[in-house]
Structure formats: structure tokens, C-alpha cells
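K.L.:
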Amino acid sequence: TILLINFFFFGAIFVGCNAIPLYSLGIRMASPVHHGTMEFHRWVSNIFLVSSLPTYTITRFVIVAPFGRHVPTSSSPNGINYRWWYGPTLPAHFSWFLFECPNLLWSIYCYFQCYDADILFLNLFDDESASQYSNENENIGAIFVQRKDSISISKNLVLLLLFTLHYFNRAVIYPLRMNSNSHEVPLIVIISAMTVTTVNGYLQCFYLCKGVSLGELTVGVGLDGYTRNNRSTASGKSWGGNLLSWLGIVTFFTGMGINLHSDGVLRKLRRYGPSMKPTTQLKNYGNSFGAALIDSNGGNFTTSKPYYIPHTPFFRYVSCPNFAGEILEWFGFAMASEFSYPSVAFLVYTAANLIPRGVAHLEWYLRKFDNYPKERRWAVIPFVV
């Protein structure tokens, strides 16, 4: 999530879109800008990518995003108090649903209402057989097309399904599985995050449903499926394009697995720790998680939100493998789309948002735990940051 200044950054650009001279940034902008056009889509993609810089700079060097363990209390150890402009706090379950659901809503809307059948689906007939049918039948689309030596599916549709799968988990499943004592979320974080997810949902879903055809994703040993679809992009027809997309899908699910596993470890530590006596907690979690116990304010067991040091394999060298997994997820998504511009913009923004949070987590752990593992030097990406 981003903070107040980045929210105003977005707002100022949208309100003054016809007055700001963006040509100096190399951004070609239509005048006037109309919703639903690829020119507007490209313009928003540029803004989204450029906003990564202030997001990273502010949350890394100016202020820690007031989220989760970093929400200041009336008397925080680092001397930072809760700011009035953070607004009221809302329950974590409801907050997560609010700021993740715009992506899911965009997926549903674009799939059912805002799509081009020639982009989202495959031609049911190849070029030779299509000529035997009337014009209205030539536009019939299909999810799968079975040919002599292969089965093909629209790459756009596969990517839309991956995007929807991730945000169904984030907007529905993840909030339902959260602990009842999770930190409440300030309103400014919710508004900022909803702004980002609304913009990103539009960028990804509109591009996949009505923007550019990425060609076919083919399963089979024959060359037939790689060359048959004349609507495919040049890279979509080649072995290389198909291989890159499959590698991207594998990378996507690898990142998702790391993210889900790491979130599950943290959730179990928070859920079961406070319900047991300190000695029992240390004994049980020492076997499975190797966890140490500390409270959020400094060291006794009186708080309702104790914290632990996880020691599962993904946590061995980085403090936040859940963030690393999500970045890897969206790198795989960008790879599967053959590094389309909206997916790259989202990847860069995700990294700009999560890396400062990971660094803040690592610094927090080092302040709170005297026995924090010395080999765990990295916040998110091993040997990088």
C-alpha cells in the first residue's frame, strides 16, 4: 500500500490530466483522453510506472507505512505517534476485502461486459474452414481449440484467470483466514490501497480483455498450433513465445506457493501463540517453527499480540519471503505475457511497494529480538535487499 502523498499524487494527475505537460516525460497523450481507448490505457500505465519512484522513496526513506505491526500507538518505542490524518482504523478482515476487491471486480466486469472476442478467445475455425461460414459465424470464439497435434488456449484468457485466482485469494480467502486479533488498518491506508488496486485492475484486465491479443498458449508436440492462428503476435507464433509463457506460468505458481506458505507460517504463529502459556509456546514452536516469543512493545507476555521468529526454510535468509513470493509471482505474470507494458508497470510498482515494507520488517525484528538470526541479513530478495 502507499501513503497519503502518493494518493494525492495520483489524484492531481487525474484531475489535471489535460493541463500537465507530460510530453517532457516521453508520454504520448491524446487530447482529450477518453476512457476505454488504448491511448488512455497507455497514459495510465505510464503514470502507474512513474509513481513507483515516489512510492519507494517515501516509504523507504521518509515514513514507514502505518500498516500491521507498524501502526503507531499512543506511545510507540520509536517516538512516532499516531497521526490524525491516518484517519480512523477499521477491522483488518474488512479492510483487506475493501482494498483488494477492485482487482477482482475489474476481472469480472471485463470478462462479462468489456471484452473483444477476437482478443480474449480463439477463433473456433481456422482460416480455410472459416471461409465456408457466414460473417456472423466467423466471429465465434472458443476457450480451447483442439488441432491435429496440439491443444491451444488464448494466452489472454490464461493470464486473466491467473490474475483472478490471485485476487480471489487476496480479497476473499485471505481475509477469512486472518486472525481475530490482527491489527486494525488506518483509513488512509485503505484509501491509498483501493486507489492502486482500482487503477491496476483496469490496466491488467482491460489490456487482456480488450487491448492486445497475445496469441495462443499451446500444449502439443506439433508445429501446427504455433503457426495456425493468424491473429497471434509474431512472438505468440514462435516456439520462443510459447516457451516463455509456460516458464512465466511456472514462475507465477512458484511465487504463489512461497507467498501462501509464508503467510500460513506467520498466521499459525500469531494464532496459536497467544492462546498458550509462554513455556508451552516456546517448546511447541521450537520444534516446528523454532520461534522465540516477544511482545510488540518490548519483552513481556502481557500483550495480546506477541510476535515470534519463524524458522521455516523460506525464512532462512530473508525476513519476508511472503513479499519475495509475491514479487516472483508478478515477475512470472509479466514473463507469461511476454513482458507486456501493463504487467511490467505492475511488477515495478509491486517491488517499489513491498521492498520498503520488507526492510522496515527486518529493522523491526532487529530492534525487538536480541537473538534474531545473524544469517538472515536480507529483507526480501537474497543477496540484493
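In terms of the working numbering, the sequence shown has 354 at position 369, counting the first letter as 1, and numbering is strictly consecutive.
Glycine residues also receive a C-beta, built at the ideal position from the N, C-alpha and C atoms.
Taking only runs that begin and end inside the stretch 174 to 205, name each unbroken beta strand (DSSP E) of 3 or more residues, in chain order.
P.N.:
As far as the stretch 174 to 205 is concerned, its whole beta strand (DSSP E) runs of at least 3 residues are 201 to 205.
K.L.:
Assuming S376 is part of the alpha helix (DSSP H), what are its boundary residues?
P.N.:
This structure cannot speak to residue 376, because the chain is shown only from -14 to 370.
K.L.:
Rounded to whole angstroms, what is the Cα-Cα separation between D248 and L144?
P.N.:
Looking at the two C-alpha atoms, the distance is approximately 23 angstroms.
K.L.:
Please list, in chain order, all residues of the same chain as Y100 whose beta carbon is under 8 angstroms from its beta carbon, the five residues on each side excluded.
P.N.:
Here the set comprises C194 and K195.
K.L.:
Per DSSP, what kind of secondary structure is F299 in: helix, strand or coil?
P.N.:
Of the three classes helix, strand and coil, the one that applies to F299 here is helix, per DSSP.
K.L.:
Locate the alpha helix (DSSP H) running through I366, then write down its first and last residues.
P.N.:
Premise fails: I366 is in no alpha helix (DSSP H) and is neither H nor E.
K.L.:
Taking H346 as the reference, give the member of C190, Y334 and A309 with the closest Cα.
P.N.:
Ranking C190, Y334 and A309 by Cα distance to H346 puts A309 first.
K.L.:
Would you give the residue range spanned by the beta strand (DSSP E) that S139 belongs to?
P.N.:
Where S139 is concerned, the enclosing beta strand (DSSP E) stretches over S135 to S139.
K.L.:
State the CB to CB distance for the pair L332 and A319, rounded to an integer number of angstroms; the pair is presumed to be in contact (CB under 8 angstroms).
P.N.:
Contact flag correct, Cβ pair sits at about 5 angstroms.
K.L.:
What is the DSSP secondary structure of F274, counted as helix, strand or coil?
P.N.:
Because F274 carries a pLDDT of 40, less than 50, the predicted location of this residue cannot be relied on, and the following value inherits that uncertainty. Reduced to three states, the DSSP call for F274 is coil.
K.L.:
Have a look at G317 and W91 and give me their C-alpha separation to the nearest angstrom.
P.N.:
Computed Cα separation, rounded: 21 angstroms.
K.L.:
Could you work out which residue in Y357, L107 and F52 is closest to V130 when comparing CA atoms only?
P.N.:
When only C-alpha atoms are compared, the closest one is L107.
K.L.:
When DSSP labels each residue in this structure, what does F129 get in the three-state scheme?
P.N.:
Looking at F129 - three-state DSSP - the assignment turns out to be strand.
K.L.:
Could you please give the first and the last residue of the uninterrupted alpha helix (DSSP H) stretch that includes Y159?
P.N.:
Note, Y159: alpha helix (DSSP H), Y159 to R162.
K.L.:
Measuring CA to CA, which of L313, E323 and K140 is closest to Y334?
P.N.:
Per the Cα distances, L313.
K.L.:
First and last residue of the alpha helix (DSSP H) that includes C95?
P.N.:
Residues A77 to F97.
K.L.:
Going by other Cβ atoms of all chains shown within 10 Å of its Cβ, with 16 needed for buried, is L232 buried or exposed?
P.N.:
With fewer than 16 other Cβ atoms within 10 Å, it is exposed.
K.L.:
For the putative contact between I104 and S198, defined by C-beta atoms under 8 angstroms, what is the C-beta separation to the nearest angstrom?
P.N.:
At roughly 5 angstroms, the Cβ-Cβ gap stays under 8 angstroms, so I104 and S198 are in contact.
K.L.:
Under three-state DSSP, which class holds Y357?
P.N.:
Coil at Y357, not helix or strand.
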